[in-house]
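Chains as they are written, first to last, in my numbering: chain A, 3 to 290; chain B, 10 to 175.
Down below is the structure, laid out as structure tokens.
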Amino acid sequence: MIPGPFAYHRPTSVKEAVGLLGSLGDDARAIAGGHSLIPMMKLRLASPTHLIDLAAVADLKGVREDGRDIVVGAMTTQHELINSELLAKKIPILRETSLLIADPQVRYIGTVGGNVANGDPGNDMPAVMMCLNAIYHAVGKSGERRIAAREFYQGAYFTSLEPGEIVTAIRIPVPAAGHGYAYEKLKRKIGDYATAAAAVVLTMQGDKVASCSIGLTNVAETPLWAEEAGKILTGSTLDAATVKKAVAAAEAITSPATDGRGPAAYRTKMAGVMLTRALASAKSRAGT
Amino acid sequence: MAKSQISLTVNGKKVEELVEPRTLLIHFLREQLNLTGPHIGCDTSHCGACTVDLDGKSVKSCTMFAVQANGADIRTIEGMANADGTLHALQEGFREMHGLQCGFCTPGMILRAYRLLQENSNPTEEEIRFGISGNLCRCTGYQNIVKAIQYAAAKLGGVPLQEAAE
Ligand SMILES: Cc1cc2nc3c(=O)[nH]c(=O)nc-3n(C[C@H](O)[C@H](O)[C@H](O)COP(=O)(O)OP(=O)(O)OC[C@H]3O[C@@H](n4cnc5c(N)ncnc54)[C@H](O)[C@@H]3O)c2cc1C
Ligand code: FES
Ligand code: FES
Chain A
3 MIPGPFAYHR PTSVKEAVGL LGSLGDDARA IAGGHSLIPM MKLRLASPTH
53 LIDLAAVADL KGVREDGRDI VVGAMTTQHE LINSELLAKK IPILRETSLL
103 IADPQVRYIG TVGGNVANGD PGNDMPAVMM CLNAIYHAVG KSGERRIAAR
153 EFYQGAYFTS LEPGEIVTAI RIPVPAAGHG YAYEKLKRKI GDYATAAAAV
203 VLTMQGDKVA SCSIGLTNVA ETPLWAEEAG KILTGSTLDA ATVKKAVAAA
253 EAITSPATDG RGPAAYRTKM AGVMLTRALA SAKSRAGT
Chain B
10 MAKSQISLTV NGKKVEELVE PRTLLIHFLR EQLNLTGPHI GCDTSHCGAC
60 TVDLDGKSVK SCTMFAVQAN GADIRTIEGM ANADGTLHAL QEGFREMHGL
110 QCGFCTPGMI LRAYRLLQEN SNPTEEEIRF GISGNLCRCT GYQNIVKAIQ
160 YAAAKLGGVP LQEAAE
């Protein structure tokens with residue numbers, strides 16, 4: 003399978019990359035790791051005539067602290083997320099999630115920016131970023147703007163990015179020290195996208211939940227932030243009755259497709275099961 | 010479409026070539042450099058038969074354009090044997106432990122295992138299995154591939170071969 007022809011550009015700055023995307027118009031596409039885009043190009047589901055490779059833009063790399071946030075450059079690979087000491091200490095859910103994405107080869111190359119900007123509901127990072135209340139830095143011709151992950155996803159492969167804009171970094175508020183977290187993903191095999199998955203970040207005060215945020219992967223056209231379910235759990239002891247109520251609230255906002263991963267009703271139920279497991283795991287990891 | 014000039018290092022040799030931007034790295038290696046060790050199994054980024062080592066990463070060369078590899082340092086199975094022509098410990102391990110049957114997956118398995126051992130010289134069985142989870146084998150059932158990698162880890166770590174083979 004050979005992709006259609008295109009011209010290749012390798013800018014070295016964000017300004018140059020955005021300039022190229024702006025001037026070359028609709029047929030120009032950014033390429034990061036290419037591990038979502040190249041398979042699409044081989045199938046001719048995408049046929050860009052210009053590819054703007056972001057690999058040589060040094061400003062898009064790396065993980066750094068900025069006040070109370072951690073800022074992850076868009077071109078940081080999943081492999082680098084796994085190996086970041088800073089993230090392991092401050093936002094360990096990113097490591098747990100990265101290890102559940104694809105396989106080692108894909109993780110060496112696939113980037114976090116490509117994962118969140120792609121807009122495929124099967125990608126794992128978007129729901130985690132919604133759960134963490136991350137902010138995406140987007141740069142276009144007219145400068146930089148910041149878009150909340152929770153407002154970024156509009157439909158399958160349809161995001162709030164304007165034509166010609168790229169995601170340069172992801173800004174994540176560091177969750178409170180001692181927070182509990184978990185990403186639980188049901189997949190048929192290694193390298194598969196989620197049948198359903200749930201991300202949980204919570205804090206406990208004594209035996210009560212002080213805060214709880216939940217994201218769901220691949221059970222709708224977009225990743226989901228299960229706000230209501232999180233509210234139901236806040237103040238509770240994560241007792242079985244309240245968990246059941248919250249799980250029902252989370253299941254209620256799903257609308258998965260029936261596909262090779264199972265019928266819609268099954269995938270909704272599996273989202274509930276993943277959430278139940280993620281809550282238990284997050285609780286066991288939380289300090290009080 | 011105009012061709013692009015790329016220069017890279019492949020198995021220790023400098024290479025300068027013209028490529029069409031849409032040429033996939035696997036096709037460049039196999040058809041332009043005649044390195045037919047890396048195989049095309051699935052062509053959909055799943056099987057790992059096309060795996061090569063690129064700048065310290067295991068890469069599925071069916072899912073990268075050759076132009077993206079401009080400037081890179083690449084190793085394929087053709088570059089695995091020791092300088093004196095003897096087999097690399099991994100190649101020897103696959104032979105000794107029957108880590109292959111048809112051999113189709115083997116170049117990718119060995120290149121992936123090479124990087125795994127660079128990062129973790131003494132992996133557990135579970136770490137090996139997780140580490141090669143991007144490489145599919147239709148023949149062996151993986152058991153002997155795991156043993157072959159254990160053999161190589163032991164040999165590279167200086168454990169006497171007799172024990173490594175047990
Ligand atoms: C076998 C296989 C299994 C996989 N399994 C999973 C999985 O389980 N979970 C999962 O989440 N992913 C999975 N993936 C996808 C993988 O993680 C991709 O690497 C990732 O989705 C996209 O990252 P990329 O850097 O490769 O982006 P690319 O493929 O380069 O780009 C994807 C899209 O995003 C756009 N884009 C890229 N970077 C930016 C940017 N900075 N700003 C704006 N737009 C941008 C591109 O134009 C393109 O439209 C799998 C891939 C393969 C091949
Ligand atoms: S041929 Fe590249 S992964 Fe199968
Ligand atoms: S030995 Fe035949 S595919 Fe692995």
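Built from N, CA and C at the ideal position, the CB exists for glycine as well.
Residue environment: T256 of chain A is assigned as buried (16 or more neighbouring CB atoms within 10 Å of its CB, all protein chains considered). Rounded to whole angstroms, the gap between the alpha carbons of A254 of chain A and I154 of chain B is 46 Å. Identification of chain A residues near P30 of chain B by a Cβ-Cβ cut-off of 8 Å yields P7, F8, A9, Y10 and L53, ordered along the chain. Residues of the stretch 101-122 of chain A that bring their beta carbon within less than 9 Å of a beta carbon in chain B comprise L101, A104, D105, P106, Q107, V108, R109, Y110 and I111, in sequence order.
Just so you know, the alpha carbons of L56 of chain A and A32 of chain A end up roughly 7 Å apart. Within its own chain, the residues whose Cβ lies closer than 8 Å to the Cβ of G88 of chain B, once the five positions on either side in sequence are excluded, are V19, N20 and G21, listed in chain order. Under a 10 Å Cβ-count criterion, M10 of chain B is classified as exposed, with fewer than 16 other Cβ atoms of the shown protein chains found around its own Cβ.
By the Cβ-count criterion, H107 of chain B is exposed, with fewer than 16 other Cβ atoms from all chains shown falling within 10 Å of its own Cβ. P41 of chain A carries a helical assignment under DSSP once its states are collapsed to helix, strand and coil.
In the structure shown, the three-state DSSP call for K164 of chain B is helix. Put simply, the backbone Cα of H181 of chain A is about 16 Å away from that of M132 of chain A. Close to I137 of chain A, with beta-carbon spacing below 9 Å, lies no residue of chain B; the smallest spacing is near 29 Å.
In this structure, V59 of chain A lies away from A171 of chain A, with their beta-carbon atoms at least 8 Å apart.
Ligand 3 never approaches Q100 of chain B closely enough for any of its heavy atoms to be under 7 Å from the residue's Cβ. The set of residues whose C-beta lies within less than 6 Å of a heavy atom of ligand 2 reads, in chain order, B:I49, B:G50, B:C51, B:D52, B:S54, B:H55, B:C56, B:G57, B:A58, B:C59, B:K69 and B:C71. Between ligand 3 and G112 of chain B, a heavy atom-to-CB distance of less than 7 Å is present. Its Cα nearest to that of V130 of chain A, the residue A:A200 stands out among A:L163, A:T113 and A:A200. Taking C-alpha positions only, I15 of chain B is separated from A75 of chain B by approximately 8 Å. Taken in chain order, the members of the stretch 139-161 of chain B whose beta-carbon sits within less than 7 Å of a beta-carbon on chain A are G140, S142 and G143. Within the DSSP bridge table, the entry for F154 of chain A names no partner. Counted as a single uninterrupted DSSP element, the beta strand (DSSP E) harbouring E26 of chain B occupies residues K22 to V28. Between ligand 1 and N144 of chain B, a heavy atom-to-CB distance of less than 7 Å is absent. In this structure, A119 of chain A keeps its C-beta atom at 8 Å or more from the C-beta atom of V176 of chain A. Contact annotation, M43 of chain A with L188 of chain A: C-beta distance approximately 29 Å; criterion of less than 8 Å not satisfied. Annotation for E186 of chain A: A200, M276, R279 and A280 place their beta carbon closer than 6 Å to its own, counting only its chain and skipping 5 residues before and after. The DSSP-derived three-state label of F160 of chain A is strand. Per DSSP, reduced to three states, the secondary structure at G21 of chain A is helical. At least one heavy atom of ligand 1 falls within 7 Å of the beta-carbon of M127 of chain A. By DSSP's assignment, A104 of chain A forms no beta bridge with any residue. Scanning A:A228, A:I54, A:L26 and A:R66 for the CA closest to the CA of R152 of chain A turns up A:A228. The beta carbon of K66 of chain B lies closer than 8 Å to those of R124 in the same chain, with the five residues before and after it left out. Annotation for T78 of chain A: no beta strand (DSSP E) segment contains it, and DSSP assigns it neither H nor E. Contact residues of the stretch 11-27 of chain B toward chain A are A11 and S13 (C-beta to C-beta distance below 8 Å). Shown here for G143 of chain B: same chain residues with a beta carbon closer than 6 Å to its own, the five before and five after excluded, namely G57 in chain order.
In terms of Cα proximity to P30 of chain B, the closest of B:L126, B:Q77 and B:A161 is B:Q77. Three or more Cβ pairs drawn from the stretch 45-59 of chain B and the stretch 111-119 of chain B lie within less than 8 Å of each other, which places the two stretches in contact.
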